[in-house]
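For the record, in the sequence shown the residue sitting at position 260 is 267 according to our numbering, with numbers rising by one throughout. Think of the CB as a built atom: it goes at the ideal place given N, C-alpha and C, for glycine as much as any other residue.
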Amino acid sequence: MRQLRLLIILAFLGAGHLAWPQQAATGWLSLGEFYELVNEHHPIARQATLLNTRGGLAVNLARGAFDPKLVSDFNRKNFDGKNYYDIWNTYVQVPTLLNVDLKAGYERNKGLYLSPENTVPVDGLYYAGVSVPVGQGLIRNERTIGLQKGKYEALAFENEANNVLNNLFLDANYAYWWWYENHMKREAMQTNLRLIRQRFEGVRQGAISGENATIDSVEMLIQVQQWSNELREAELNLQNSTLLMQNFVWVDSLDVVALRPYPEDSTVAPDLDSYLDWALANHPDLKKLNIESNVLELDRKLSSDQLKPVIDVNYNMLFAGQNDLEIANYDNNYKLGVDFVFPLLLRKERAKLKIVKIKQQEYDLKITQKNREVINKIQQSYNKVYTLEEMIDQQREMQVNYERMLQAELTKFENGESSIFLINSRENKKLQGQIKLIELEAKYNRSLGELKWATGKLYEEIGGVE
Numbered sequence: 008m009r010q011l012r013l014l015i016i017l018a019f020l021g022a023g024h025l026a027w028p029q030q031a032a033t034g035w036l037s038l039g040e041f042y043e044l045v046n047e048h049h050p051i052a053r054q055a056t057l058l059n060t061r062g063g064l065a066v067n068l069a070r071g072a073f074d075p076k077l078v079s080d081f082n083r084k085n086f087d088g089k090n091y092y093d094i095w096n097t098y099v100q101v102p103t104l105l106n107v108d109l110k111a112g113y114e115r116n117k118g119l120y121l122s123p124e125n126t127v128p129v130d131g132l133y134y135a136g137v138s139v140p141v142g143q144g145l146i147r148n149e150r151t152i153g154l155q156k157g158k159y160e161a162l163a164f165e166n167e168a169n170n171v172l173n174n175l176f177l178d179a180n181y182a183y184w185w186w187y188e189n190h191m192k193r194e195a196m197q198t199n200l201r202l203i204r205q206r207f208e209g210v211r212q213g214a215i216s217g218e219n220a221t222i223d224s225v226e227m228l229i230q231v232q233q234w235s236n237e238l239r240e241a242e243l244n245l246q247n248s249t250l251l252m253q254n255f256v257w258v259d260s261l262d263v264v265a266l267r268p269y270p271e272d273s274t275v276a277p278d279l280d281s282y283l284d285w286a287l288a289n290h291p292d293l294k295k296l297n298i299e300s301n302v303l304e305l306d307r308k309l310s311s312d313q314l315k316p317v318i319d320v321n322y323n324m325l326f327a328g329q330n331d332l333e334i335a336n337y338d339n340n341y342k343l344g345v346d347f348v349f350p351l352l353l354r355k356e357r358a359k360l361k362i363v364k365i366k367q368q369e370y371d372l373k374i375t376q377k378n379r380e381v382i383n384k385i386q387q388s389y390n391k392v393y394t395l396e397e398m399i400d401q402q403r404e405m406q407v408n409y410e411r412m413l414q415a416e417l418t419k420f421e422n423g424e425s426s427i428f429l430i431n432s433r434e435n436k437k438l439q440g441q442i443k444l445i446e447l448e449a450k451y452n453r454s455l456g457e458l459k460w461a462t463g464k465l466y467e468e469i470g471g472v473e
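In structure tokens, the structure reads:
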């Protein structure tokens, strides 16, 4: 009987050393490595990269309004065998940021019935000049505003790409830590169940030899059956969490089943103030509203400028023939035109300006509301992380006490003052506490990911979109 008790005690003592398997040299997957795999291969991550590419094209699209243009017009009329006219005008037009258009061209016209305004020297007429809007459109105009909008559109695409990654990594974070939790549970249960079965075999042999009561072997059998079912459930959860992981690892040559989680030490309390400051300046939802508000400000400036009259001055110096390309007589050889347009009531322009101002007020309210939502969400996530950190510390202390209680029960059993039932009860508490600690650690890391997501910076785990 004494030898049997000693074997049982040694089996219990071995559980403390074998609860966690030794780290293997290969086959580990950390959260950072997992994020890199997701960022490099996941279709949604690739979509985020395409959004960034579209942003660059949006700027090029807006810059296209400043591209020089080559224009050529040719008109001919023949009737009843007569050449009424040939009118040919070719010019190059160069837009500028100040909405001043530079223009240079060549005009050559002929015919029996050419109108006086189209009459030019035999060798044609060269001209060079400018078109200047001295009223509406000199500083603020569709082209310059469009370019600024294009730059904001590029920022919007970049922000949307980061937001897509932020949401993708939140799902990936959940998958990783669910996989970690089930992996650790399965390993803990496998190790402890192996020791429980060894003890059961010892108790069963003792019952056969008559050294202890048969009911003790029944008690140990129940312990084996209980933790066998717990292990089956853990293996099922591990299979399902592995399948979820495979939704994020788009690498055919990488077998997630053969990998084990490698948790990095992240139980460092985050700084709430730094998270709040970062979120108010960089949160994707807030940046989206701020970008849209900035675009509205451009619309307001353009609408305000449209209250001015349109006064376009067109001036061209004229040169007759290829040998007359000089500007000595520019005061005699020129073409001048002035276009003037001004709506008398300005109802359309004033209404448009008021609409833009109302939209700006709406966006100010949206930004205020979103600021509060972001701050409260971060505070909630931070409270959860902080509380879980305290719970983990408490659970670790409880594990030490569970171990002490189990050792005390083993000592009593050695002295004949305890039973298999009480030892199993102490062991169950210890194993349940071990499982609870795994759950808390996984929950803490999931909550830490939620905090980074709520702050809008989870995508920075891999440096954003390049």
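Can you find a heavy atom of the ligand FMN that lies under 7 Å from the Cβ of residue i?
{"i": "GLN401", "result": "Within the structure as shown, the ligand FMN is missing, as the structure has no ligands at all."}
Taking 8 Å as the threshold (C-beta atoms), are residue j and residue i in contact?
{"i": "VAL392", "j": "TYR466", "result": "no"}
{"i": "GLY144", "j": "ALA65", "result": "no"}
{"i": "PHE164", "j": "ARG53", "result": "no"}
{"i": "GLY112", "j": "THR126", "result": "no"}
{"i": "VAL231", "j": "ARG193", "result": "no"}
{"i": "ARG150", "j": "ALA265", "result": "no"}
{"i": "ASN378", "j": "LEU458", "result": "no"}
{"i": "GLY136", "j": "GLU114", "result": "no"}
{"i": "TYR269", "j": "SER426", "result": "no"}
{"i": "TYR370", "j": "GLU299", "result": "yes"}
{"i": "ILE399", "j": "GLU448", "result": "yes"}
{"i": "PRO291", "j": "ASN170", "result": "yes"}
{"i": "GLN402", "j": "LEU372", "result": "no"}
{"i": "VAL345", "j": "LEU303", "result": "no"}
{"i": "LYS453", "j": "GLN367", "result": "For the sequence presented, residue 453 should be read as Arg rather than Lys. In this structure, GLN367 does not lie closer than 8 Å to ARG453 by Cβ."}
{"i": "ILE469", "j": "TYR42", "result": "yes"}
{"i": "PHE428", "j": "GLU226", "result": "yes"}
{"i": "ASN59", "j": "TYR159", "result": "no"}
Quick one: residues in its chain with C-beta nearer than 6 Å to the C-beta of residue i, no 5 flanking neighbours on either side, listed in chain order?
{"i": "GLN29", "result": "Note that GLN29 scores 36 on pLDDT, short of 50, meaning its location in the model is unreliable; the coordinates nonetheless yield the value given after this. Taken in chain order, the list of residues that qualify is empty."}
{"i": "ALA179", "result": "VAL45 and PHE255"}
{"i": "GLY142", "result": "LYS315, PRO316, VAL317 and ILE318"}
{"i": "LEU343", "result": "TYR322"}
{"i": "LYS294", "result": "ASN166"}
{"i": "THR33", "result": "The pLDDT assigned to THR33 is 49, lower than 50, so where the model puts this residue is not dependable; a value taken from the coordinates is nonetheless given after this. Hits under 6 Å: none found."}
{"i": "ARG211", "result": "SER224"}
{"i": "VAL101", "result": "PRO75 and LEU109"}
{"i": "ALA461", "result": "LYS384, ILE385 and SER388"}
{"i": "ASN116", "result": "ILE94, ASN125 and VAL127"}
Return helix, strand or coil for residue i, following the three-state DSSP convention.
{"i": "ARG87", "result": "With the sequence shown as reference, residue 87 is identified as Asp, and Arg is not the correct amino acid for it. Reduced to three states, the DSSP call for ASP87 is coil."}
{"i": "PRO50", "result": "helix"}
{"i": "GLU43", "result": "helix"}
{"i": "ASP400", "result": "helix"}
{"i": "LYS117", "result": "strand"}
{"i": "SER122", "result": "coil"}
{"i": "GLN100", "result": "strand"}
{"i": "SER426", "result": "coil"}
{"i": "LEU458", "result": "helix"}
{"i": "LYS377", "result": "helix"}
{"i": "GLU467", "result": "helix"}
{"i": "SER224", "result": "helix"}
{"i": "SER79", "result": "strand"}
{"i": "ASP93", "result": "strand"}
{"i": "ARG453", "result": "helix"}
Who are the Cβ neighbours of residue i in its own chain at under 8 Å, not counting the five residues just before and after it?
{"i": "MET405", "result": "GLY440"}
{"i": "ASN340", "result": "MET324, LEU325, PHE326 and ALA327"}
{"i": "ARG70", "result": "LEU154 and GLY157"}
{"i": "LEU309", "result": "ARG147, ASN148, GLU149 and ILE152"}
{"i": "ASP80", "result": "ILE94, TRP95, ASN96 and THR97"}
{"i": "ALA358", "result": "none"}
{"i": "PRO50", "result": "TRP257"}
Go through its chain and collect everything with a Cβ distance to residue i's Cβ below 7 Å, but skip five positions before and after it.
{"i": "LEU121", "result": "TYR92"}
{"i": "GLN313", "result": "GLN143 and GLU356"}
{"i": "LYS89", "result": "LEU119"}
{"i": "GLU237", "result": "MET196"}
{"i": "ARG433", "result": "MET412, LEU413 and GLU416"}
{"i": "ASN173", "result": "PRO291, TRP460, GLY463, LEU465 and TYR466"}
{"i": "LEU296", "result": "TYR370, LYS373, ILE374 and LYS377"}
{"i": "VAL263", "result": "THR249, MET252, GLN253 and VAL256"}
So, under 8 Å CB-CB, residue i and residue j are touching, yes? Tell me the CB distance rounded to an integer number of Å.
{"i": "VAL320", "j": "VAL99", "result": "That belief does not hold up - the Cβ atoms of VAL320 and VAL99 are roughly 20 Å apart, past 8 Å."}
{"i": "ASN199", "j": "TRP234", "result": "7 Å"}
{"i": "ALA182", "j": "MET252", "result": "5 Å"}
{"i": "LEU283", "j": "ILE382", "result": "6 Å"}
{"i": "SER311", "j": "LEU360", "result": "6 Å"}
{"i": "ALA161", "j": "GLY63", "result": "6 Å"}
Which runs of the alpha helix (DSSP H) fall wholly inside the stretch 256-296 and span at least 4 residues, in chain order? 279-289, all fully within the stretch 256-296.
Segments of 3+ residues assigned as beta strand (DSSP E) that fall wholly inside the stretch 303-358: For the stretch 303-358, the full-length beta strand (DSSP E) segments reaching 3 residues or more read 317-327 and 341-348 along the chain.
Taking only runs of the beta strand (DSSP E) that begin and end inside the stretch 122-162, which ones reach a length of at least 3 residues, in chain order? The qualifying runs are 132-140.
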